[in-house]
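Remarks on the structure that follows.
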Amino acid sequence: MGSKFTVSYEERIDAVEKYLRNEYSMNDLSKQLKVTNTSIRRWLARYQSLGPEGLQETSKNLSYSSELKETVVMDYLSGSGSHMDLCKKYGIKSTRQLRSWISKYNSHEKLKSSGTGGVPIMTKGRKTNYEERVEIVKYCIEHQNNYADVEALQDKRGKRKTLDEMSEIEKLSAENKLLEAKNKRQQMEIDF
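Next up, the structure:
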């Protein structure tokens, strides 16, 4: 996706250089350009780590090797610097990117090289028929893992109970819901 800015490239360069020459404060620049102080801080960090090219709009994301990602994450976890310091040191455009890598690392995900494509989070289980599920239940029971016996194997998702399967309370509840819906419809007709 790349990076997009609301302020032109020339204005960003000019603002950063004015700040570095102590001509304007960050507050003055943010008011003048109608952006937040955080935006100017990000521009400054990009300018200091990547030079003027770091402030150009890009249509494509940068790619980073898995080795670089791991090195930066390890540096952060060992206390070698803040997010911003490490982004400057290693030429990473955004602290958000570094925080994402740290989060993945802490979640025990592998830090892959950029552009290697995503992988499904969970693999799909194969379909089983009723007999196979019964065999699985037998195995679980034999190994002291009882999951509500064979009755739990009936797939009732999206199916309503028939009247003879319902308890008296369930029948009354269903009848009550029907009457409430009927009353609501009649009230809407009266109000209309």
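Be aware that the sequence shown starts at 1, since it is given in my numbering, and climbs by one per residue. All C-beta atoms, glycine included, are put in the ideal place defined by N, C-alpha and C. Just so we're clear, the structure is a prediction, and the values are computed from it rather than from any experiment.
Selected residue, minimal CA-CA separation from residue i, among the options
i	options	result
Y105	Y9, L77 and R41	L77
T58	D85, K89, L98 and K93	K93
Q48	S30, E189, S107 and L86	L86
G91	P52, S103 and G125	P52
S103	R185, M166 and M74	M74
Cβ pair residue i, residue j closer than 8 Å
i	j	result
L50	R12	no
K18	Y24	yes
S66	L98	no
S30	N37	yes
H83	T95	yes
K89	G81	yes
First and last residue of the uninterrupted alpha helix (DSSP H) at residue i
i	result
I102	T95 to N106
H83	H83 to Y90
Q32	M26 to L33
S7	In the sequence as presented, Ser is not what sits at residue 7; that position holds Val. It is not in any alpha helix (DSSP H) - V7 carries neither H nor E in the DSSP assignment.
N61	Element bounds for N61: n/a, residue is neither H nor E.
L163	Neither: L163 is in no alpha helix (DSSP H) and is coded neither H nor E.
S113	Element bounds for S113: n/a, residue is neither H nor E.
K138	Y130 to E142
Whole-angstrom C-beta distance between residue j and residue i, which should lie under 8 Å
i	j	result
V7	V35	6 Å
W211	V72	Beyond the ends of the chain as shown, which are 1 and 192, falls residue 211; an answer cannot be given.
L163	K171	7 Å
At least 3 beta-carbon pairs within less than 8 Å: the region 42-49 vs the region 60-80: no
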